[in-house]
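This report concerns only the one structure given below.
Numbering (my numbering), first residue to last: 1079 to 1260.
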């Protein structure tokens, strides 16, 4: 019996096109054996090391994206509060260094109210940042930014928004400041 972990990265739209990424934890021989299968559905395949490393990297990857989500929500709220609309905010970020795929799907909801732009629930986001917190604790690494990110998602979930998708965090954060983004 040989084991590996191969969590995925990408969106449902990328999955349909076979453009996912995968982060694989396995010994080298197992990795070489499973690589052709992974190539059928993944555009980017990264072998990280032994079993478990794939999921560790997935948690780190999700920490980055979920951190972006919390920051975008707060930045958009502050922008709106000081007179900068989401459209104007987007006109500055789009095409610049701060634009990325996560930003694009997040803003597709903010600007177009496309609920399906980024289908990952706030409850799942909270689960992942809690797992990241456990990983950091086990490694003895302080995780103050992770704690702040976790608290934003925890507040949204506690308020009944757990089945909302991550970009909808922007509405929750905006409402806390009596601002509307849409």
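All C-beta atoms, glycine included, are put in the ideal place defined by N, C-alpha and C.
- The beta-carbon separation of residue 1135 and residue 1126, rounded to 6 Å, stays under the 8 Å limit for a contact.
- With 16 or more other Cβ atoms inside 10 Å of its own Cβ, residue 1249 counts as buried.
- In this structure, DSSP gives residue 1166 a helical state, which the three-state scheme calls helix.
- Contact check for residue 1223 against residue 1207 fails: the beta carbons are separated by 8 Å or more.
- A check of alpha carbon separations from residue 1191 across 1160, 1259, 1139 identifies 1259 as the nearest.
- Taking a 10 Å sphere around the C-beta of residue 1140, we find 16 or more other C-beta atoms and assign the residue as buried.
- If you draw a straight line from the Cα of residue 1098 to the Cα of residue 1120, it is about 5 Å long.
- In this structure, residue 1152 places its C-beta atom within 8 Å of the C-beta atom of residue 1251.
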